[in-house]
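For reference, the structure discussed in these notes is given below.
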Amino acid sequence: MSDAEYPDELLYHPEHDWARIESGSDPDSLEATLGITWFAQDALGEVVFAEPPAVGTTVTQGAPYAEVESVKAVSDVVAPLSGEIVAVNEALTDSPQAINEDPYGEGWLVRIRLSDPAEREHLLDVEVYRASLGG
Amino acid sequence: MPAPLRRTALHDRHVTAGAKLVQFAGWEMPVQYEGPAAVREEHMAVREDVGVFDVSHMGQIETSGPRAIELLQRVISNDLARVPVGGAQYGVMCREDGGVLDDLFSYRLDADRWLTVTNAANHEQDLRWWTEQARAGGYGAEDVEVADRIEQYAMLAVQGPRAREVVQAIADAPLPARMTVASGRIAGAQTIVCGTGYTGEDGVELLLEPAHAPHVWDELVRRGAKPAGLAARDTLRLEACYHLYGNDLSVRRGPIEAGLGWCCDEATGFIGSEAVRAVREAGPAEKLVAFAIEGSGIARPGNEIAGGGVVTSGTMSPSLGVGIGMAYVPAQRASVGTRLQIDVRGKMREAVVRAKPLYKKEA
Numbered sequence: 050m051s052d053a054e055y056p057d058e059l060l061y062h063p064e065h066d067w068a069r070i071e072s073g074s075d076p077d078s079l080e081a082t083l084g085i086t087w088f089a090q091d092a093l094g095e096v097v098f099a100e101p102p103a104v105g106t107t108v109t110q111g112a113p114y115a116e117v118e119s120v121k122a123v124s125d126v127v128a129p130l131s132g133e134i135v136a137v138n139e140a141l142t143d144s145p146q147a148i149n150e151d152p153y154g155e156g157w158l159v160r161i162r163l164s165d166p167a168e169r170e171h172l173l174d175v176e177v178y179r180a181s182l183g184g
Numbered sequence: 006m007p008a009p010l011r012r013t014a015l016h017d018r019h020v021t022a023g024a025k026l027v028q029f030a031g032w033e034m035p036v037q038y039e040g041p042a043a044v045r046e047e048h049m050a051v052r053e054d055v056g057v058f059d060v061s062h063m064g065q066i067e068t069s070g071p072r073a074i075e076l077l078q079r080v081i082s083n084d085l086a087r088v089p090v091g092g093a094q095y096g097v098m099c100r101e102d103g104g105v106l107d108d109l110f111s112y113r114l115d116a117d118r119w120l121t122v123t124n125a126a127n128h129e130q131d132l133r134w135w136t137e138q139a140r141a142g143g144y145g146a147e148d149v150e151v152a153d154r155i156e157q158y159a160m161l162a163v164q165g166p167r168a169r170e171v172v173q174a175i176a177d178a179p180l181p182a183r184m185t186v187a188s189g190r191i192a193g194a195q196t197i198v199c200g201t202g203y204t205g206e207d208g209v210e211l212l213l214e215p216a217h218a219p220h221v222w223d224e225l226v227r228r229g230a231k232p233a234g235l236a237a238r239d240t241l242r243l244e245a246c247y248h249l250y251g252n253d254l255s256v257r258r259g260p261i262e263a264g265l266g267w268c269c270d271e272a273t274g275f276i277g278s279e280a281v282r283a284v285r286e287a288g289p290a291e292k293l294v295a296f297a298i299e300g301s302g303i304a305r306p307g308n309e310i311a312g313g314g315v316v317t318s319g320t321m322s323p324s325l326g327v328g329i330g331m332a333y334v335p336a337q338r339a340s341v342g343t344r345l346q347i348d349v350r351g352k353m354r355e356a357v358v359r360a361k362p363l364y365k366k367e368a
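Taken in order, these protein sequences are the chains called A and B. Heads up: take any position in the first sequence, counting from 1, add 49, and you land on our numbering. Heads up: take any position in the second sequence, counting from 1, add 5, and you land on our numbering.
Next up, the structure:
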């Protein structure tokens with residue numbers, strides 16, 4: 050993809066990760082899809098390897114839960130929210146470049162069941178995240 | 006305060022082409038050009054068509070005079086006396102203990118005049134070593150002149166199956182064959198044309214005045230050579246199993262361990278030859294092997310190998326589609342087919358020792 054893009058409906062972690070709270074989820078068991086932002090994939094360069102952890106793994110807000118590798122660098126992916134992984138994007142094994150081409154769509158990493166939905170308050174909305182990237 | 010980064014004569018061309026510039030050995034160099042799959046595209050262009058690299062950060066030392074060959078035989082591991090005028094030869098530079106200080110290509114320009122290409126990060130150290138050894142050997146200015154030529158040359162590597170065709174179209178004479186060198190005009194610019202490269206493909210390397218480099222670059226690009234950056238240069242050289250100084254070569258290991266015994270001729274009495282001979286006779290404790298990961302994952306430099314050994318280069322191979330690399334392992338575990346378990350940041354990855362080169366053009 051060419052131009053920077055930050056969808057309005059996402060929540061952002063300052064370390065360049067996004068979370069999409071899945072609408073229609075049971076309010077007692079909210080789920081969210083997680084991935085890395087346009088800025089993160091651009092800084093990393095073309096992704097050649099991504100291996101999210103297995104379903105059932107617990108992730109913690111602010112802590113690394115996966116690694117994404119470009120030709121030259123390995124980058125930790127930080128969880129924007131805490132919870133248990135309920136699905137992983139298996140397609141990344143064969144086409145990790147989806148993270149570059151479609152970071153908010155085909156390039157998603159995992160889906161989690163939130164253990165503490167109130168953590169959403171610590172995340173940034175799109176305006177604040179954009180501002181954090183500098184003008 | 007760190008010294009400002011040096012820029013090559015092609016800096017403006019890189020910026021215009023949308024290159025990502027990185028710091029490399031004190032230089033600001035293009036790591037890749039524009040696009041989300043740029044490294045892969047640049048890599049494949051060199052494998053299948055033609056690419057052009059700005060490698061002007063590499064250094065040059067000219068050694069000339071009636072006793073130049075004596076100094077070179079001390080400093081460089083290979084037997085340069087066997088190289089005819091117009092020939093090229095690879096060798097390493099060792100300390101007394103055999104530790105590798107640099108790996109270099111030398112070109113015999115005239116009977117008593119040689120040009121040696123150094124690694125950017127080692128250039129200043131190499132120059133000092135050259136002049137120290139000249140002094141230690143008692144050579145006077147009338148015997149040997151050692152001259153720093155890094156400012157005199159821009160260096161372009163044109164590589165790939167169509168590289169010669171593209172360069173020949175703007176050359177005033179037939180290009181030199183592989184492992185030879187000739188002077189000529191490329192797009193009108195006086196150039197030393199070298200039949201060498203670092204990609205595992207055919208091609209040439211061009212040494213020319215920096216002022217002429219942008220024009221020659223433009224002519225090459227106009228004829229289809231794809232600008233390629235340091236990232237593709239690294240994936241290409243690793244598939245071809247060429248050593249990268251600082252990764253696969255260092256003062257901590259000697260040339261025999263590195264699999265470079267073929268470019269060491271101890272009979273010349275080069276500095277370090279006794280240490281190298283001792284290792285060659287006794288057999289090295291460790292050997293540099295090429296490996297490919299089985300399944301998923303990419304090993305990186307510094308990853309340790311179960312049972313001993315360490316990865317010195319590792320990447321995802323664009324041509325092969327698997328993680329590849331080179332590693333020093335105990336000699337008894339260096340044979341092709343040996344299974345290795347590599348600790349990649351806490352996760353064990355299975356790998357197999359493979360024959361070098363990892364990628365070879367089909368005949």
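Even glycine gets a Cβ: it sits at the ideal position worked out from N, Cα and C.
Worksheet item: Is DSSP giving Gly193(B) helix, strand or coil here?
Response: To locate residue 193(B), count along the second sequence from 1; it is residue 188. Coil at Gly193(B), not helix or strand.
Practice prompt. Could you spell out the range, first to last residue, of the alpha helix (DSSP H) harbouring Ser278(B)?
Written response: For the purposes of this step, residue 278(B) is taken as residue 273 along the second sequence, with counting starting at 1. For Ser278(B), the enclosing alpha helix (DSSP H) has its first and last residue at Ser278 to Ala287.
Worksheet item: Does at least one heavy atom of the ligand GDP sit under 8 Å from the Cβ of Ala24(B)?
Response: By its list of ligands, the structure shown contains no ligand whatsoever, and the ligand GDP lies outside what it can speak to.
Item to complete: Scan the region 279 to 313 of chain B for residues whose Cβ lies nearer than 8 Å to a Cβ of chain A and list them as they occur along the chain.
Response: Look at the region 279 to 313 of chain B: the residues with a C-beta under 8 Å from a C-beta of chain A are Ser301, Gly302, Ile303 and Arg305.
Worksheet item: Nearest to Gly142(B) by CA position, among Thr121(B), Arg72(B) and Arg354(B), is which residue?
Response: Translated into the one-based positions of the second sequence, residue 142(B) becomes position 137. Scanning Thr121(B), Arg72(B) and Arg354(B) for the CA closest to the CA of Gly142(B) turns up Arg72(B).
Discussion item. Just to confirm before moving on: does the CB-CB distance between Ile329(B) and Ala280(B) stay below 9 Å?
Written reply: In the second sequence, the residue the question calls residue 329(B) occupies position 324. In the second sequence, the residue the question calls residue 280(B) occupies position 275. Taking 9 Å as the cut-off, the beta carbon of Ile329(B) is found no closer than this to the beta carbon of Ala280(B).
Fill in: Whole-Å CB distance - Trp32(B) paired with Ala162(B), under 8 Å assumed
Indexing the second sequence from 1 puts residue 32(B) at position 27. Indexing the second sequence from 1 puts residue 162(B) at position 157. Not confirmed; about 15 Å, so no contact.
Fill in: Contacts of Arg45(B) in chain A (Cβ-Cβ under 9 Å)
Sequence index remark: in the second sequence, residue 45(B) carries index 40 (1-based). Here the neighbours are Glu95, Val97, Val120 and Gln146.
Practice prompt. Compare the C-beta of Pro260(B) with all C-beta atoms of chain A and state if any pair is closer than 9 Å.
Written response: By one-based count along the second sequence, residue 260(B) stands at place 255. For Pro260(B), the answer is no, since every Cβ of chain A falls outside 9 Å of its Cβ.
Worksheet item: Going along chain E, which residues have a C-beta under 9 Å from Asn138(A)?
Response: Among the protein chains of the structure shown, namely A and B, there is no chain E.
Worksheet item: For Glu367(B), which of Pro179(B), Ser69(B), Glu53(B) and Gln157(B) has the nearest alpha-carbon?
Response: Within the second sequence, residue 367(B) is the residue found at index 362, counting from 1. Comparing Cα positions, the closest option is Glu53(B).
Fill in: DSSP-derived helix/strand/coil call for Ser181(A)
Numbered from its first residue, the first sequence carries residue 181(A) at position 132. In the structure shown, the three-state DSSP call for Ser181(A) is helix.
Worksheet item: What did DSSP end up calling Gly13(B) once you bin it into helix, strand or coil?
Response: The count along the second sequence starts at 1 and reaches residue 13(B) at position 8. A quick correction: the sequence has Thr, not Gly, at residue 13(B). The answer is coil: DSSP assigns Thr13(B) none of H, G, I, E or B.
Worksheet item: How close, in whole Å, do the beta carbons of Pro63(A) and Ser164(A) come, if the pair is a contact with beta carbons under 8 Å?
Response: Here residue 63(A) is taken as the residue at index 14 of the first sequence, counted from 1. Here residue 164(A) is taken as the residue at index 115 of the first sequence, counted from 1. Not really, about 21 Å apart at Cβ, beyond 8 Å.
Worksheet item: Is it right to say Ala167(A) is buried, meaning 16 or more other beta carbons lie within 10 angstroms of its own, or is it exposed?
Response: Here residue 167(A) is taken as the residue at index 118 of the first sequence, counted from 1. Answer is exposed; the Cβ neighbour count stays below 16.
Practice prompt. Below 8 Å on the Cβ atoms is my guess for Gly94(A) versus Gln37(B); work out the distance and round it to an integer in Å.
Written response: In the first sequence, counting from the first residue as 1, residue 94(A) sits at position 45. In the second sequence, counting from the first residue as 1, residue 37(B) sits at position 32. With a Cβ gap of about 7 Å, Gly94(A) and Gln37(B) count as contacting.
Worksheet item: Using a Cβ-Cβ cut-off of 8 Å (strictly less than) and excluding sequence neighbours within five positions of Met50(A), which residues of its own chain qualify?
Response: Looking up residue 50(A) in the first sequence gives position 1. At Met50(A), the pLDDT of 47 sits below 50, so the modelled position is not reliable and the matter cannot be decided from this model.
Worksheet item: How many Å lie between Gly266(B) and Arg285(B) at the Cα?
Response: Along the second sequence, one-based indexing puts residue 266(B) at 261. Along the second sequence, one-based indexing puts residue 285(B) at 280. If you draw a straight line from the Cα of Gly266(B) to the Cα of Arg285(B), it comes to about 8 Å.
Worksheet item: For Leu158(A) versus Leu59(A), is the C-beta distance shorter than 9 Å?
Response: One-based indexing of the first sequence puts residue 158(A) at position 109. One-based indexing of the first sequence puts residue 59(A) at position 10. In this structure, Leu59(A) does not lie closer than 9 Å to Leu158(A) by Cβ.
Worksheet item: Does Met50(A) come within less than 9 Å of chain B when only Cβ atoms are used?
Response: Stepping through the first sequence from its first residue, residue 50(A) is reached at position 1. Note that Met50(A) scores a pLDDT of 47, beneath 50, so its modelled location is shaky and nothing firm can be said.
Worksheet item: For a contact meaning CB atoms closer than 9 Å, what does Ala356(B) contact in chain A?
Response: The residue labelled residue 356(B) in the question sits at position 351 within the second sequence. Under the 9 Å cutoff, chain A gives no residues; its nearest Cβ is about 14 Å from Ala356(B).
Practice prompt. Return helix, strand or coil for Gly70(B), following the three-state DSSP convention.
Written response: By one-based count along the second sequence, residue 70(B) stands at place 65. If DSSP states are grouped into helix, strand and coil, Gly70(B) belongs with coil.
Worksheet item: Within the 9 Å Cβ cut-off, does Met321(B) reach chain A?
Response: Here the question's residue 321(B) lines up with position 316 in the second sequence. Yes, contact with chain A.
Item to complete: Run through the region 54 to 130 of chain A for me and flag every whole beta strand (DSSP E) of 3 or more residues, listed as ranges in chain order.
Response: Restricting attention to beta strand (DSSP E) runs no shorter than 3 residues, the region 54 to 130 of chain A encloses them at 60 to 62, 66 to 70, 80 to 85, 96 to 99, 113 to 119 and 123 to 127, ordered along the chain.
Worksheet item: For Phe58(B), which residues does DSSP report across the bridge?
Response: Your numbering for residue 58(B) matches position 53 in the second sequence. Phe58(B) is bridged by DSSP to Ala162(B) and Ala233(B).
Worksheet item: In chain order, what residues of the same chain lie with their CB nearer than 8 Å to the CB of Ala311(B), ignoring the 5 residues before and after it?
Response: Counting from one through the second sequence, the residue named residue 311(B) turns up at place 306. For Ala311(B), same chain residues with a beta-carbon under 8 Å away, outside a window of 5 residues either side, are Leu345, Gln346, Ile347, Asp348 and Met353 in chain order.
Discussion item. Strictly below 7 Å CB to CB, what residues from chain B border Val123(A)?
Written reply: Working through the first sequence from its first residue, we reach residue 123(A) at position 74. Residues of chain B with a Cβ closer than 7 Å to the Cβ of Val123(A) are, in chain order, Arg305.
Worksheet item: Under 9 Å Cβ-Cβ, which residues of chain B neighbour Thr86(A)?
Response: In the first sequence, residue 86(A) corresponds to position 37, counting from 1. Ordered by position in chain B, no residue passes the 9 Å Cβ test against Thr86(A), which lies about 14 Å from the chain.
Item to complete: Using a Cβ-Cβ cut-off of 9 Å, state whether Glu54(A) counts as contacting chain B.
Response: The residue given as residue 54(A) occupies position 5 in the first sequence. No, no contact with chain B.
Worksheet item: Does the beta carbon of Met353(B) come closer than 9 Å to any beta carbon on chain A?
Response: In the second sequence, residue 353(B) corresponds to position 348, counting from 1. The C-beta of Met353(B) comes no closer than 9 Å to any C-beta of chain A.
Discussion item. Let's test the definition: count the other Cβ atoms within 10 Å of the Cβ of Val90(B) and tell me whether it reaches 16, buried, or not, exposed.
Written reply: Here the question's residue 90(B) lines up with position 85 in the second sequence. Within 10 angstroms of the beta-carbon of Val90(B) lie fewer than 16 other beta-carbons, which makes it exposed.
Worksheet item: How would you label His171(A), buried or exposed, when you count the other beta carbons within 10 angstroms and need 16 or more for buried?
Response: One-based indexing of the first sequence puts residue 171(A) at position 122. Exposed is the call here.
Worksheet item: Does any residue of chain A bring its CB to less than 9 Å from the CB of Gly330(B)?
Response: Translated into the one-based positions of the second sequence, residue 330(B) becomes position 325. Output row for Gly330(B): interface = no.
Worksheet entry | Distance between beta carbons of Thr68(B) and Thr121(B), contact taken as under 8 Å | Residue numbering aside, residue 121(B) sits at position 116 when the second sequence is read from its first letter. Residue numbering aside, residue 68(B) sits at position 63 when the second sequence is read from its first letter. So it is a contact: roughly 7 Å between Cβ atoms.
Fill in: the region 202 to 220 of chain B contacting the region 6 to 19 of chain B, beta-carbon criterion three pairs below 8 Å
Yes, they touch.
Worksheet item: Whose C-alpha, out of Glu118(A), Ala53(A) and Glu80(A), is nearest the C-alpha of Leu130(A)?
Response: Translated into positions along the first sequence, residue 130(A) becomes position 81. The candidate whose alpha carbon is nearest that of Leu130(A) is Glu80(A).
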